[in-house]
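To start, the structure itself, in structure tokens.
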Amino acid sequence: GSSFFCSHSIMKAPSPRSLLAPLGLAATTFTTVIFLWWPKSCPGGGTFRDVVLGDKALAECEHGGFPGGWPFDLFLLYFVAVGLGALVSAASGGRVPKLLGMIIAGYILRNAPASNKDYENGLVPEFMGTLRNVVFTIILLRAGAGLDIAKLKKNAKVVLLMMIVPSIVEIAVIAGMSVAIFSFPVTWGLLLGAVLTALSPAVAMPVLLNLMGQGYGIRQGIPTTLMAAGALNIVIAVVLYDLLEALALSPAAITGGEIARIVGMNLVVSVVGVGAVLGGALGRLFSTVGVWDSLTWPGVPGVGQTPVRAVAVLLAALTLFFGASAFGMSGGGSLGVMIFAASMVQRKRGQPEEQSFAPVLGILNYSWSIFGEAFLFASLGAAVDQKQLSGATVLKGAGVIVVGLLGR
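For the sequence shown, the numbering used here gives the first residue as 135, with consecutive numbering after it.
Here you go:
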């Protein structure tokens, strides 16, 4: 596990040589898509080329590449996030991660008085959630590739304790705080605790991957234990939330059969069926020589097969994650994607470089460092609507969260 990781550096995304790399690539894509291919709308027909050439009045045309169109807003969000992330990191001498600047960029664009733009609900709502989940799937693949199966089996008892005990304690502490501060009923306080106890892999996984990239805790299997416990923690949080929601909304509906259904679907089927069985089977399928060798670009041998394999792996992972989410088992889908990647890495270990999983991870890492990181954290910042918050509520909520984390 550690030797594979250290020799290929699969968990540490390669950093661009300069800020011009991601900005230049994004600008080229923006220019190509927006100004050549994006649908145009002008009175009486015509295209954007007609507008540029002066055949139609610019003010009479609507175009997604203009300010106010969602493609313009999407790329503005990206450029500001990359720029502010680099600025925050440089100003702190690298001590503050770029993700903080990216989150701040999204928050500013969402709430700046001059923007008058709802960047979360107005910026392609049907697309932003999907984009976040695509980036999240890349994170899960990278995290799964860093799992050490041997260390995971050795630390299985620790994983089980970490996925259950901290959640129970945090739920209890947050319930007590919310009753005392917000005067919530006990059942609603417990429900709030179940919401807050769910670990956010979108934030935790990149941090753990970065620590693994620096070699911390690999020998003891600490990152592997934390990532596995974090993935299972989501499942536990969902089970507890469903039980507490039923208790809060309709206590009479809580029967032995209902409890068995909730636990069976969200825990047994999700973790064992989707996560372990389906994820492992998919990894075994992709690792077979016939399937892996068939993922090639005609006439391009060796490492030229890597882009095709990377796309195939990502599509399979997306199918697994979105398919499980459609049935309300996103936690099992997350675990399944991780096991999918871990299974492939384990079965491809020791093979020649061009047949291993490392080149595929290189492409996924690069995609994360160039586009994924900025879109994910900027969209998280853009999810905060300041108009819905008051200073007193924020302070009280922050107090509840901090005390809950101390309890955890």
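Just so you know, even glycine gets a beta-carbon here, dropped at the ideal spot from N, CA and C.
query	result
Is it buried or exposed for residue 508, if we count other Cβ within 10 angstroms and need 16 for buried?	buried
Cutting at 6 angstroms between CB atoms, please list the residues of its own chain near residue 439, excluding the five before and the five after it.	430
Give a yes or no on whether the C-beta atoms belonging to residue 325 and residue 378 are separated by under 7 angstroms.	yes
Using three-state DSSP, classify residue 306 as helix, strand or coil.	helix
When the Cα atoms are used, what is the spatial distance from residue 470 to residue 354?	24 angstroms
Answer yes or no: do residue 303 and residue 363 have a C-beta to C-beta separation smaller than 7 angstroms?	no
In terms of alpha-carbon separation, which member of 403, 270, 285 lies closest to residue 452?	270
Contact between the stretch 379-398 and the stretch 409-426 is defined here as three or more beta-carbon pairs at a separation below 8 angstroms; is this criterion met?	no
Between the beta-carbon of residue 237 and the beta-carbon of residue 514, is there less than 7 angstroms?	yes
Evaluate contact between the stretch 272-282 and the stretch 470-489, counting only Cβ atoms and requiring at least three cross-stretch pairs below 8 angstroms.	yes
Determine the closest residue to residue 468 out of 339, 345, 381, with distance taken between C-alpha atoms.	339
Which stretch, first to last residue, makes up the alpha helix (DSSP H) that contains residue 500?	492-501
Let me know if residue 527 comes out buried or exposed under the rule of 16 or more other beta-carbons within 10 Å of its beta-carbon.	exposed
Under the rule that 16 or more other beta-carbon atoms within 10 Å means buried, what is residue 244, buried or exposed?	buried
Kindly indicate which three-state DSSP category residue 418 falls into: helix, strand or coil?	helix
Skipping 5 residues on each side, what residues in its chain have a beta carbon closer than 7 angstroms to that of residue 482?	421, 489, 490, 491
Nearest-angstrom Cα distance between residue 291 and residue 298?	11 angstroms
Please classify residue 427 as buried or exposed, where buried requires at least 16 neighbouring CB atoms within 10 angstroms.	exposed
Here's the rule I'm using: 16 or more other beta-carbon atoms within 10 Å means buried, otherwise exposed. How should residue 443 be labelled?	buried
Under a Cβ-count criterion, where at least 16 other Cβ atoms within 10 Å of its own Cβ denotes burial, should residue 511 be classed as buried or exposed?	buried
Whole angstroms are fine: how far does the CA of residue 414 sit from the CA of residue 239?	39 angstroms
Go through its chain and collect everything with a Cβ distance to residue 375's Cβ below 6 angstroms, but skip five positions before and after it.	328
Check each candidate in 226, 498, 233 and name the one with the smallest Cα separation from residue 216.	233
In whole angstroms, what is the alpha-carbon distance linking residue 267 and residue 274?	10 angstroms
State the DSSP-derived secondary structure class of residue 186, mapped to helix, strand or coil.	Residue placement at residue 186 is flagged as unreliable, the pLDDT there being 48, under the threshold of 50; a coordinate-derived value is accordingly withheld.
Please classify residue 465: is it buried, with 16 or more other beta-carbons within 10 angstroms of its beta-carbon, or exposed?	buried
From residue 222 to residue 230, what does the alpha carbon distance come to, in whole angstroms?	7 angstroms
In whole angstroms, give me the CA-to-CA distance for residue 501 and residue 319.	46 angstroms
Rounded to whole angstroms, what is the Cα-Cα separation between residue 533 and residue 219?	27 angstroms
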